[in-house]
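So the structure is just underneath, and the comments pick up after that.
Residue numbers (the numbering used here): 365 to 905.
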């Protein structure tokens, strides 16, 4: 076969899963440039493609449409790579030792930021609780230290960090945040939701060269997971999860845009939805259906998380009966933002986790669509973690997309039963019920909260690690959530999400066929190669 002097390729000699129900498995795929030209038998594709093509022998491996992560924070992920990773810490003593060693190499006025703390994974069950400022003071009495729990919604500051952020006994928490105190009224150092931004605003940026090199590593990592498209959450201003640092996210994105191989659909946090209009232009939006970068969704935060006990619930958390979560935004303010974003023509994606929070948000969507009807709005709930049946049925009727994170199940299945109690477990991540009721489910990782590992996401969807097994779904449905459903959630099902003629040549090649792999072995499948717009961007050695 001739090498592709005309940028023509034929992929053949493997299992090609198209995710197109009318033509689920094909023998060969022909590509010209960045588009799929033809599919079918090898001979028919060869005939249609003509001469001067490059034959890509799959050698029995499996090719699928490229994976789509429908909710992640790529710029925040860069911040995680810059700072101290605490994900593998298994005890309070180990945490203290790590902080002491880190402080030894840092100037005393430099804030030490530790990320991905998972106290629920501490070996000693008596230590499975958030450390406090006195614990951190013992390890680092002279350095400001701030640790963020892995969900990013709660942090712990030592005394020096509280002083740096000018937080004292008289400081009032910002609306949508919480500054926790002990029974004596003393600051514990624990800051939840928007209060965490008081310390995060003191984090400094590295130089541009380090940012660019870190970005190259980050997006290569996404590629090695088979990700060809990202629904990237960014802030256009201070506030939300990144505090004052959020104002730098869009400028950083612009500065690294040339090193990003993936397609990027932006979910943008902005207090004033009209600001999305200002950035809906090059380089962040190419203006066409198949542009690599697009701005399409207004991101809003409604409540907190399970881990920080700030997700808004109808009843208190079983293991923290003094807490039932809260809204991080006034309902009237939330509705005004929804209304403005909707009427400006943007999709809306609202972070909502608790069962009461989801009930409120769906009711607001119902009100919005009654006042301002729009057939193909494709509004979303990001996470949609606790859903009662009435909420699910309303989501189906209103055509609201559930943008879910199956990797959460892998992280939470051991401790979530004690947090929610047995009665409410059936409402946690009810993926099968959502699908059966007709709700479109798109999957993502919420990286850097979770590893953007699609294979582990598939594992969670089909096994759930035994957590509420009635909500397991088939591997066929699971693959859709990371492909065609993700494309639909960004109005892109006509250009990606399945292997069909005319769509972008975005592919992932796996070492095994997931349709023929036992459920408990899906997590062992390896990504062999990732191809974006016809170009190989990752190949396993």
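In this text, a Cβ means the ideal position worked out from N, Cα and C, and glycines have one as well. Fair warning: this is a prediction, and the values are worked out from it, not measured in the lab.
Residues bridged to residue i by DSSP?
i, result
"residue 691", "Beta-bridge pairing links residue 691 to no other residue."
"residue 906", "Because the chain is modelled from 365 through 905, residue 906 falls outside the range shown and cannot be assessed."
"residue 747", "716"
"residue 421", "376"
"residue 394", "374, 402"
"residue 661", "631, 711"
Given a threshold of 16 other Cβ atoms within 10 Å of its Cβ, counted over all protein chains shown, does residue i qualify as buried or as exposed?
i, result
"residue 658", "buried"
"residue 774", "buried"
"residue 574", "exposed"
"residue 694", "exposed"
"residue 365", "Since pLDDT at residue 365 reaches only 45, below the 50 mark, its modelled position is unreliable, and no value is offered."
"residue 423", "exposed"
"residue 487", "exposed"
"residue 969", "Beyond the ends of the chain as shown, which are 365 and 905, falls residue 969; an answer cannot be given."
"residue 630", "buried"
Going by alpha carbons, who is nearest to residue i out of the options?
i, options, result
"residue 760", "470, 776, 743, 409", "743"
"residue 623", "580, 800, 597", "580"
"residue 489", "428, 471, 872, 454", "454"
"residue 482", "789, 813, 792, 845", "813"
"residue 618", "634, 635, 644", "644"
"residue 800", "819, 830, 835", "835"
"residue 627", "400, 473, 851", "851"
"residue 463", "474, 452, 448", "448"
"residue 865", "561, 393, 855", "393"
"residue 477", "560, 616, 379", "560"
"residue 572", "753, 535, 616", "616"
If you drop the 5 nearest sequence neighbours on each side, which residues of the same chain put their C-beta closer than 8 Å to that of residue i?
i, result
"residue 674", "517, 518, 542, 556, 557, 667, 668, 687, 689, 690, 692"
"residue 680", "686, 687, 688"
"residue 672", "513, 515, 517, 518, 556, 557"
"residue 892", "425, 873, 874, 875, 903, 904"
"residue 738", "706"
Please determine whether the Cβ atom of residue i lies at a distance below 7 Å from any heavy atom of the ligand HEM.
i, result
"residue 655", "No copy of the ligand HEM appears in this structure; indeed no ligand is present at all."
Could you name the residues of the same chain whose beta carbon sits closer than 7 Å to that of residue i, not counting the 5 residues immediately before and after it, in chain order?
i, result
"residue 501", "522, 523"
"residue 906", "Since the first residue of the chain shown is 365 and the last is 905, residue 906 is not available in this structure."
"residue 808", "433, 434, 435, 436, 595, 767, 769"
"residue 684", "673"
"residue 816", "433, 436, 586, 589, 591, 809"
"residue 889", "819, 874, 875, 876, 878, 881"
"residue 792", "749, 750, 780, 784, 832"
"residue 720", "676, 677, 678"
"residue 821", "770, 771, 807, 809, 846"
"residue 885", "none"
"residue 849", "804, 805, 806"
Once you ignore the five residues that flank residue i on each side, which residues in its own chain have a CB closer than 6 Å to its CB?
i, result
"residue 704", "637"
"residue 525", "508, 509, 510, 563"
"residue 786", "none"
"residue 699", "728"
"residue 467", "504, 507"
"residue 656", "627"
"residue 758", "726"
With the cut-off set at 8 Å, would you say residue i and residue j are in Cβ contact?
i, j, result
"residue 373", "residue 416", "no"
"residue 459", "residue 445", "no"
"residue 768", "residue 441", "no"
"residue 421", "residue 377", "yes"
"residue 733", "residue 762", "yes"
"residue 598", "residue 439", "yes"
"residue 497", "residue 553", "yes"
"residue 592", "residue 894", "yes"
"residue 479", "residue 520", "no"
"residue 869", "residue 897", "yes"
"residue 384", "residue 863", "yes"
"residue 646", "residue 901", "no"
"residue 715", "residue 747", "yes"
"residue 382", "residue 395", "no"
"residue 859", "residue 728", "no"
"residue 806", "residue 826", "no"
"residue 701", "residue 664", "yes"
"residue 682", "residue 784", "yes"
"residue 566", "residue 529", "yes"
"residue 431", "residue 847", "yes"
"residue 765", "residue 712", "no"
"residue 601", "residue 634", "yes"
"residue 871", "residue 388", "no"
"residue 641", "residue 708", "yes"
"residue 456", "residue 491", "yes"
"residue 661", "residue 710", "yes"
"residue 867", "residue 380", "no"
Indicate whether at least one CB of chain C lies closer than 8 Å to the CB of residue i.
i, result
"residue 383", "Annotation note: the requested chain C is absent from the structure, which comprises a single protein chain."
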